[in-house]
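Comments concern the structure below.
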Amino acid sequence: MSLGGWSETKPANGEVRMLCEGFWNISESKTGQKYQEFNAIEYRSQVVAGINYLIKVQVGKNDYVHLLIFQSPLLETKFEGVQGDHKLEDPLVPFEPFSEKTT
(Lines of atoms letter the chains of each structure in order from A and count residues from 1; the text may use other names and numbers.)
(Lines give C-alpha, C1' and ligand atoms only; values in the text may rest on other atoms or scores of the structure.)
Protein backbone atom coordinates (compact mmCIF):
# COMPACT_ATOMS: atom_id res chain seq x y z
CA MET A 1 0.00 0.00 0.00
CA SER A 2 1.43 3.37 -0.98
CA LEU A 3 1.13 6.51 1.10
CA GLY A 4 -2.29 8.02 0.45
CA GLY A 5 -3.64 5.00 -1.44
CA TRP A 6 -6.29 2.64 -0.10
CA SER A 7 -5.32 -0.96 0.67
CA GLU A 8 -7.05 -3.98 -0.76
CA THR A 9 -9.98 -5.31 1.28
CA LYS A 10 -8.84 -7.54 4.15
CA PRO A 11 -10.69 -9.63 6.76
CA ALA A 12 -11.25 -7.69 9.99
CA ASN A 13 -8.72 -8.51 12.69
CA GLY A 14 -8.92 -7.98 16.46
CA GLU A 15 -7.49 -4.45 16.22
CA VAL A 16 -10.12 -3.36 13.69
CA ARG A 17 -12.93 -4.99 15.69
CA MET A 18 -11.86 -3.14 18.83
CA LEU A 19 -11.49 0.11 16.89
CA CYS A 20 -15.09 0.12 15.66
CA GLU A 21 -16.75 -1.17 18.87
CA GLY A 22 -16.80 2.31 20.38
CA PHE A 23 -18.84 3.69 17.50
CA TRP A 24 -21.95 1.46 17.77
CA ASN A 25 -24.15 4.13 19.42
CA ILE A 26 -23.12 7.01 17.18
CA SER A 27 -23.65 4.82 14.10
CA GLU A 28 -27.19 4.02 15.25
CA SER A 29 -27.81 7.70 15.94
CA LYS A 30 -26.54 8.83 12.53
CA THR A 31 -28.50 6.21 10.56
CA GLY A 32 -31.63 6.31 12.74
CA GLN A 33 -31.52 2.51 13.06
CA LYS A 34 -31.27 0.13 16.03
CA TYR A 35 -28.74 -2.65 15.36
CA GLN A 36 -29.08 -6.30 16.40
CA GLU A 37 -25.29 -6.73 16.35
CA PHE A 38 -22.16 -4.77 15.46
CA ASN A 39 -19.45 -7.04 14.06
CA ALA A 40 -16.59 -5.85 11.86
CA ILE A 41 -16.32 -8.13 8.81
CA GLU A 42 -13.68 -6.58 6.57
CA TYR A 43 -11.81 -3.34 6.07
CA ARG A 44 -9.55 -1.18 3.96
CA SER A 45 -6.99 1.28 5.27
CA GLN A 46 -5.26 4.41 4.00
CA VAL A 47 -2.04 5.82 5.44
CA VAL A 48 -2.19 9.62 5.68
CA ALA A 49 -1.14 11.70 8.72
CA GLY A 50 -2.43 8.70 10.66
CA ILE A 51 -4.65 5.94 9.26
CA ASN A 52 -8.12 6.07 7.75
CA TYR A 53 -10.14 2.89 8.19
CA LEU A 54 -13.12 1.98 6.03
CA ILE A 55 -14.86 -0.90 7.81
CA LYS A 56 -17.79 -3.12 6.80
CA VAL A 57 -19.83 -3.91 9.92
CA GLN A 58 -22.65 -6.46 10.14
CA VAL A 59 -25.57 -4.92 12.04
CA GLY A 60 -28.27 -7.53 11.35
CA LYS A 61 -28.76 -10.87 9.60
CA ASN A 62 -28.40 -9.37 6.10
CA ASP A 63 -27.69 -5.74 7.00
CA TYR A 64 -24.38 -3.91 6.94
CA VAL A 65 -23.02 -0.41 7.39
CA HIS A 66 -19.74 1.08 6.27
CA LEU A 67 -17.81 3.14 8.84
CA LEU A 68 -15.07 5.67 8.19
CA ILE A 69 -12.77 6.08 11.20
CA PHE A 70 -9.54 8.07 11.50
CA GLN A 71 -6.78 7.03 13.90
CA SER A 72 -4.05 9.58 14.63
CA PRO A 73 -0.38 8.67 15.15
CA LEU A 74 -1.12 9.10 18.89
CA LEU A 75 -3.85 6.41 18.54
CA GLU A 76 -6.71 8.87 19.08
CA THR A 77 -9.76 7.85 17.06
CA LYS A 78 -12.34 10.02 15.34
CA PHE A 79 -15.66 8.94 13.81
CA GLU A 80 -15.68 10.37 10.28
CA GLY A 81 -18.88 8.94 8.83
CA VAL A 82 -21.26 6.07 8.26
CA GLN A 83 -23.18 4.76 5.27
CA GLY A 84 -26.19 2.60 6.01
CA ASP A 85 -28.23 0.23 3.87
CA HIS A 86 -25.41 -1.99 2.62
CA LYS A 87 -25.31 -5.72 1.88
CA LEU A 88 -22.47 -8.23 2.32
CA GLU A 89 -21.56 -8.15 -1.36
CA ASP A 90 -21.27 -4.33 -1.50
CA PRO A 91 -17.64 -3.28 -2.00
CA LEU A 92 -15.94 -0.92 0.45
CA VAL A 93 -15.80 2.30 -1.55
CA PRO A 94 -14.20 5.35 0.09
CA PHE A 95 -16.62 8.19 0.78
CA GLU A 96 -16.29 11.76 1.98
CA PRO A 97 -16.18 12.26 5.76
CA PHE A 98 -19.58 12.95 7.32
CA SER A 99 -21.35 11.80 4.15
CA GLU A 100 -24.34 9.64 5.01
CA LYS A 101 -26.25 7.30 2.71
CA THR A 102 -29.30 6.30 4.72
CA THR A 103 -32.13 5.17 2.50
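Take any residue in the sequence shown, count from 1 to its spot, add 1425: that is its number in the working numbering. C-beta: ideal position from N, C-alpha, C; glycine also.
Alpha-carbon to alpha-carbon, glycine 1457 and glycine 1509: Here residue 1509 refers to the residue found at position 84 of the sequence shown. Here residue 1457 refers to the residue found at position 32 of the sequence shown. When rounded, the distance between both Cα atoms is 9 Å.
Beta-bridge pairing of glycine 1485 - partner residues as DSSP gives them: Within the sequence shown, numbered from 1, the residue matching residue 1485 stands at position 60. DSSP, once it has assigned bridges, lists Asp1488 as partnering glycine 1485.
Per DSSP, cross-strand counterpart(s) of asparagine 1464: Numbered from its first residue, the sequence shown carries residue 1464 at position 39. Paired residues: Gln1483.
C-alpha gap between lysine 1437 and arginine 1469, whole angstroms: Here residue 1437 is taken as the residue at index 12 of the sequence shown, counted from 1. Here residue 1469 is taken as the residue at index 44 of the sequence shown, counted from 1. Checking the sequence, you will find alanine at residue 1437 rather than lysine. Taking the straight line from one Cα to the other gives about 9 Å.
Rounded C-alpha distance that separates serine 1432 from glutamate 1453: Along the sequence shown, one-based indexing puts residue 1432 at 7. Along the sequence shown, one-based indexing puts residue 1453 at 28. About 27 Å.
Between the CA atoms of lysine 1459 and threonine 1434 - distance to the nearest angstrom: One-based indexing of the sequence shown puts residue 1434 at position 9. One-based indexing of the sequence shown puts residue 1459 at position 34. Answer to the nearest angstrom: the Cα atoms are 26 Å apart.
Beta-carbon proximity check, asparagine 1464 vs valine 1482, cutoff 8 Å: Translated into the one-based positions of the sequence shown, residue 1464 becomes position 39. Translated into the one-based positions of the sequence shown, residue 1482 becomes position 57. The answer is yes: Cβ separation under 8 Å.
Reduced DSSP category for leucine 1435 - H, G, I as helix; E, B as strand; rest coil: Residue numbering aside, residue 1435 sits at position 10 when the sequence shown is read from its first letter. At residue 1435 the sequence reads lysine, which differs from the leucine that was named. The answer is strand: DSSP assigns lysine 1435 an E or B state.
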